[in-house]
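Take a look at the structure below.
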Amino acid sequence: MKKNIIYLVLIIIIGVIAFVPGVKEYLRDQFFPIATIENAVHVSEEDYDIELKGINVPSTNLKAFKNKPVFLNFWGTWCPPCRKEWPTIQKLYDSRKGNVDFVLIAMNDKEDAVRKFLKENNYTVPVYIAQSPISEKILPKVFPTTFLIDQHGRIIIKEDAYRDWNTETVHQFIDNIIK
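Take any residue in the sequence shown, count from 1 to its spot, add 772: that is its number in the working numbering.
The following block contains the structure:
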């Protein structure tokens, strides 16, 4: 009898984790590190060499962000998950822009569409359009793709899907990498 109750409780717990929205992500964030820093992939000097045309900021090269923590996001106005995560990125930017540089690169987009999207939503996060090839190491395969890169060029977080970027876990991660 006790054995059956234990099995039933385990099945219920597994069911909650599998089917209740947000529980799996919450548990993942709480119990599993997003990335192991010691085994992190490094962004090389060549990987940083991307000419960026500024949309709401001056144009630059990604090399200007070398040796600094960077929130690097590849997105498009045509991408529903990208649009969905934008409010959380804006909130993270508003609270952490002094601690980490934000570089959002619009991909496969027209400059006018990007400007319109930013203006309509009052977004102020720095947005660019790449003007030179992007290294295979950071070239996204899906959208959105986001990297959190520390000041040593290590990719600490790589997320290949929508994510709520305005969470306590992400804030703590950023605070920890700038130390």
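Cβ coordinates follow ideal geometry from the N, Cα and C atoms, glycine included.
So for residue 755, helix, strand or coil by DSSP?
This structure does not reach residue 755, given that the chain is present from 773 up to 951, and the question cannot be answered.
With 16 as the cutoff for other CB atoms within 10 Å, does residue 834 come out buried or exposed?
Your numbering for residue 834 matches position 62 in the sequence shown. It counts as buried.
Assign residue 857 to buried or exposed, taking buried as 16 or more other Cβ atoms, counted over all protein chains shown, within 10 Å of its Cβ.
Position 85 of the sequence shown, counting from 1, holds the residue named residue 857. Burial call: buried.
Find out if the Cβ-Cβ distance for the pair residue 934, residue 916 is shorter than 8 Å.
Numbered from 1 along the sequence shown, position 162 holds the residue referred to as residue 934. Numbered from 1 along the sequence shown, position 144 holds the residue referred to as residue 916. Yes, Cβ-Cβ distance for residue 934 and residue 916 is below 8 Å.
Should the stretch 865 to 872 be called in touch with the stretch 906 to 914, which here means at least 3 C-beta pairs below 8 Å?
no
Residue 898 and residue 828 closer than 8 Å at C-beta
Numbered from 1 along the sequence shown, position 126 holds the residue referred to as residue 898. Numbered from 1 along the sequence shown, position 56 holds the residue referred to as residue 828. Yes, these two residues count as a Cβ contact at 8 Å.
What residues are listed by DSSP as bridge partners for residue 786?
As a position in the sequence shown, residue 786 is number 14, starting the count at 1. The partner list for residue 786 (beta bridge, DSSP) is empty, contrary to what the question assumes.
With burial defined as no fewer than 16 other Cβ atoms inside 10 Å of the residue's Cβ, what is the status of residue 845: buried or exposed?
Numbered from its first residue, the sequence shown carries residue 845 at position 73. Classification for residue 845: buried.
In this structure, does DSSP put residue 911 in helix, strand or coil?
Here residue 911 corresponds to residue number 139 of the sequence shown, with the count starting at 1. Three-state DSSP puts residue 911 in coil, outside helix and strand.
Coarse secondary structure for residue 893, derived from DSSP in three states
Working through the sequence shown from its first residue, we reach residue 893 at position 121. Residue 893 falls in the helix class under three-state DSSP.
Tell me, please, whether the stretch 847 to 857 touches the stretch 875 to 893 by the rule of three or more beta-carbon pairs shorter than 8 Å.
yes
Roughly how many angstroms lie between the CA atoms of residue 782 and residue 821, to the nearest whole one?
As a first step, residue 782 must be located in the sequence shown, where it is residue number 10. As a first step, residue 821 must be located in the sequence shown, where it is residue number 49. The alpha-carbon atoms of residue 782 and residue 821 are separated by roughly 51 Å.
Per DSSP, residue 875 forms a beta bridge with which residues?
Numbered from its first residue, the sequence shown carries residue 875 at position 103. Answer is 844, bridged to residue 875.
With respect to the beta strand (DSSP E) encompassing residue 900, which residues constitute its N-terminal and C-terminal limits?
As a working note, residue 900 is residue 128 in the sequence shown. 899 to 902 is the span of the beta strand (DSSP E), which, as asked, contains residue 900.
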